[in-house]
Amino acid sequence: MASRCSPCHPPGLTGRPIRVDSPGGDEAAEPPQPAEPSTGQPGHADHRRRLRQRFLNGDADALADYELLELLLFYAVDRVDVKPLARALLAEFGSFSAVLAGDAARLLRHKRVNDRTLALFRAIREAGRRILLEQIADRPVLSSSTALMDYCRLRLADESIEHFRVLFLDRKNKLIADEEQQRGTVDHAPIYPREVIKRALELGATALILVHNHPSGDPSPSAADVAMTREVNGVAQRLGITLHDHVIVAKGGTRSLRALGLL
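Heads up: the sequence shown runs through residues 1 to 263, numbered per the numbering used here.
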């Protein structure tokens with residue numbers, strides 16, 4: 001008696017999976033995955049290319065702050081239009097340099113800002129600091145006052161709390177060390193003159209420049225700033241250490257207490 005054959009069905013109509021042997025074994029092949037949709041706006045890739053080319057062709061000075069920030073964000077955010085992000089960051093922080101110095105928690109509240117973005121911003125600031133430090137490190141600091149002020153501004157002008165730093169100098173007024181002595185609140189950083197002088201003696205420094213910031217944006221010295229400076233100067237003089245200056249930096253500018261006749 002002839003065996004009964006099951007009816008033939010075209011593939012895919014039986015309701016049963018069809019096994020397809022792969023060349024390397026007996027496992028069933030994975031079904032193809034759909035391509036991910038593009039996350040960027042149309043033309044964003046061409047925009048990136050054009051902006052990079054403008055920059056490379058020597059048009060850097062003509063770039064607006066948001067465009068330069070866009071250019072940086074290209075290397076931290078993939079495949080999307082970052083112009084809205086650049087504009088939003090500038091609107092919140094107020095300036096290009098303030099964005100780069102922005103608080104991590106505030107930056108991360110913006111969509112697409114991530115650890116890559118934070119690392120990029122910090123690396124750019126650190127690169128700028130080291131470049132300026134090289135300009136004052138191997139020569140008498142007092143002969144490079146412009147470079148010194150630029151260095152101090154980059155260090156502290158955009159900080160949201162007060163930082164007090166001391167530049168320790170040798171007999172030729174060359175930089176031995178730049179160290180943070182205190183970190184305070186939005187309007188106060190307590191300084192202990194004897195600790196400053198103690199550290200100077202440890203480093204063999206014979207001269208000092210005090211530097212601190214005013215997060216308020218106003219670099220004008222307060223009465224407390226002047227009193228503290230004179231106290232440090234009094235202790236330093238008794239030990240043969242010269243206090244050259246006390247520099248206050250803020251978004252609104254830079255002030256030298258010596259230039260103001262307060263030291």
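C-beta: ideal position from N, C-alpha, C; glycine also. Predicted model, so just to flag it, every value in this text is computed and none were measured.
If we ignore side chains and look at the alpha-carbon of each, how far apart do residue i and residue j end up?
i, j, result
"R109", "L203", "42 Å"
"G261", "R165", "21 Å"
"L69", "R52", "12 Å"
"S144", "L63", "29 Å"
"L169", "S222", "26 Å"
"P34", "R50", "Because P34 carries a pLDDT of 38, less than 50, the predicted location of this residue cannot be relied on, and the following value inherits that uncertainty. Whole-angstrom Cα-Cα distance: 31 Å."
"T39", "L156", "Only weak support exists for where T39 lies, its pLDDT of 41 falling under 50; the coordinates are left without a value."
"L71", "D245", "39 Å"
"R48", "R87", "16 Å"
"F93", "V99", "6 Å"
"R125", "S220", "25 Å"
"P193", "A104", "32 Å"
"D225", "Y75", "42 Å"
"R255", "M149", "9 Å"
"V82", "A119", "17 Å"
"T146", "I209", "14 Å"
"F121", "R112", "14 Å"
"D46", "R106", "30 Å"
"R183", "P190", "8 Å"
"G234", "E180", "21 Å"
"K174", "L132", "14 Å"
With a threshold of 16 other CB atoms inside 10 Å of the CB of residue i, please say whether the residue is buried or exposed.
i, result
"A200", "buried"
"N57", "exposed"
"A259", "exposed"
"N213", "buried"
"L239", "exposed"
"Y151", "buried"
"G102", "buried"
"R130", "exposed"
"D78", "exposed"
"Y66", "buried"
"I248", "buried"
"E265", "Outside the displayed span of the chain (1 to 263) sits residue 265, for which this structure offers no information."
"E162", "buried"
"N114", "exposed"
"T117", "buried"
"P215", "buried"
"R153", "buried"
"A60", "exposed"
Just to confirm the assignment, what range does the beta strand (DSSP E) spanning residue i have?
i, result
"L243", "T242 to A250"
"G253", "G253 to S256"
If I follow the unbroken alpha helix (DSSP H) through residue i, where does it start and stop?
i, result
"R106", "A104 to L108"
"L100", "F96 to L100"
"R79", "Careful: R79 lies outside any alpha helix (DSSP H) and carries neither H nor E."
"N233", "A223 to R238"
"D65", "D65 to L73"
Quick test of your reading: residue i and residue j, contact by CB under 8 Å. State the CB separation rounded to the nearest angstrom.
i, j, result
"K172", "G217", "The pair is not a contact, with the Cβ atoms about 35 Å apart (cut-off 8 Å)."
"T266", "A207", "For residue 266 there is no data in the structure shown, the boundaries of the chain being 1 and 263."
"V211", "L167", "7 Å"
"V232", "V196", "6 Å"
Got a sec: is the Cβ-Cβ distance from residue i to anything in chain B below 9 Å?
i, result
"A177", "No chain B is present in this structure, which holds just one protein chain."
What are the start and end residues of each continuous alpha helix (DSSP H) run of 4 or more residues lying completely inside the region 192–217, in chain order? Listed in chain order, they are 193–203.
Just to confirm the assignment: which complete beta strand (DSSP E) runs, minimum length 3, are found wholly within the region 110–179? As far as the region 110–179 is concerned, its whole beta strand (DSSP E) runs of at least 3 residues are 163–169.
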